[in-house]
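When you line the sequence shown up against this note's numbering, it's residues 17 to 327, in that order.
Quick notes on the structure that follows.
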Amino acid sequence: MAAVSGSATTLSRGPRALRPGSSGAWWLAIRPRTLTASAAPIVLGTALAAADGRFRPALAVAALATAIALQVGSNLANDVFDFERGADGPDRVGPTRAAAAGLLSPRALRMATALAFAVAALFGLALVVAGGWPFALAGALAIGAAIAYTAGPWPLAYHGLGDAAAFVFFGLVAVGGSYAVQAEALPPRVLAAALPTALLVTAVLATNNLRDLDADSRAGKRTLAVRLGDRHARIYLEALLLSPHVVVSVLVALGVVPLAALVVWITAPLAFRIARSVRSERDPRGLDALLARCAGLHAVFTLLLAGASLA
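Structure below.
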């Protein structure tokens, strides 16, 4: 890998060229377009708290900042540790990774990862002060999971547990935790309301892993998609995409969420189109395009559910 410091090399990236160590290189490593995955569930949890008359703006902002910093740290860690394990090889399809492209050194990425997790811990202190030791435990587990996703002696993503981690931490914990710190309680109905967005955020990761199935298999990265195989990974992803709307309908019927929550069905055509493409698309570059659409579906669906909760 070319040295970052003092290198005159550049990398073509769309209409721009990124210089090693530049702000653009860091922007690339942070992956800002992925941050809706952590922000949208916090908005939903906050909306549920507000609907119960328990909205606390300062804590909502602290929860949002904590979640975003955790994801930034996870993205940076993923960049460097996947590179060091050989998962980001030259045959990889998808956005350029900073370490693999020689834009940022592994040392710089490690330091930035530590800084991001320190920022998460700093904002998380406000949640601990407000909510007590359960939030300290949840924060420690979240940071641990973010690091262990691709790092350590037994990385979760390499053993098929990345999907479960996304479902729990970007779904149940994000929604439930942001509600609980403001409402000082966590009724089961809140976790039930978190299920649809948890399914969709898992679908985002599953789309990513389906795109990378062949490359991950060659690199020894045994994601759930690799373990399931191409055919069953596609069926699994289709189920993740199509079940959230049904879950919301059941929650409405049970009185867990208001009737207005059925507004999420306006995203059903997009979900069906993505699912149909998942069934037929064989080109990893085509699956990469689906990934952006899937992330958009998750964000819009979750924000619609949040708005409906306030109706």
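Just so you know, even glycine gets a beta-carbon here, dropped at the ideal spot from N, CA and C.
Note that this is a predicted model, so its numbers are computed, not measured.
Query, Result
"Decide if aspartate 98 is buried, meaning its Cβ has at least 16 other Cβ atoms within 10 Å, or exposed.", "buried"
"With 16 as the cutoff for other CB atoms within 10 Å, does proline 260 come out buried or exposed?", "buried"
"What number of angstroms, rounded off, separates the C-alpha of valine 126 from the C-alpha of glycine 89?", "The amino acid at residue 126 is misidentified as valine; the sequence shows arginine. Going from the Cα of arginine 126 to the Cα of glycine 89 covers about 9 Å."
"Secondary structure at alanine 116, three-state DSSP: helix, strand or coil?", "coil"
"Tell me whether phenylalanine 71 sits in a helix, a strand or coil according to DSSP, three-state version.", "coil"
"Going by Cα to Cα distance, which pick from Thr50, Ala33, Asp232 and Asp68 is closest to alanine 182?", "Thr50"
"Give the secondary structure of tryptophan 170 by DSSP, where H, G and I count as helix, E and B as strand, and everything else as coil.", "coil"
"With a CB to CB cut of under 6 Å and the five nearest residues on each side skipped, what residues in its chain are close to proline 285?", "none"
"Taking all protein chains shown into account, decide if serine 39 is buried (16 or more other Cβ within 10 angstroms of its Cβ) or exposed.", "exposed"
"Do glycine 83 and alanine 55 have their C-beta atoms closer together than 8 Å?", "Note on identity: in this sequence residue 83 is alanine, with glycine being the wrong assignment. Yes, Cβ-Cβ distance for alanine 83 and alanine 55 is below 8 Å."
"Helix, strand or coil, according to DSSP, for leucine 177 in the structure here?", "coil"
"If I measure Cβ to Cβ from serine 129 and keep anything under 6 Å in the same chain, skipping five residues before and after, which residues do I get?", "Sequence inspection shows threonine at residue 129; the serine mentioned does not correspond to that position. Excluding residues within five positions, the ones whose Cβ falls inside 6 Å are Gly89, Leu92 and Ala93."
"Report back the beta-carbon spacing between alanine 114 and alanine 41 to the nearest angstrom; my notes put them in contact at under 8 Å.", "6 Å"
"Look up glycine 40 in the DSSP assignment and say whether it is helix, strand or coil.", "helix"
"Excluding five sequence neighbours on each side, which residues of the same chain lie with their C-beta closer than 6 Å to the C-beta of valine 144?", "Phe151 and Ala152"
"DSSP three-state label for threonine 239, please.", "coil"
"From threonine 223 to leucine 211, what distance separates their C-alpha atoms?", "18 Å"
"CB-CB under 7 Å to phenylalanine 185, same chain, minus the five flanking residues each way: which ones, in chain order?", "Ala158 and Ala161"
"Taking only runs that begin and end inside the segment 195-248, name each unbroken alpha helix (DSSP H) of 4 or more residues, in chain order.", "204-227, 229-235 and 240-244"
"For serine 121, which three-state DSSP category applies?", "coil"
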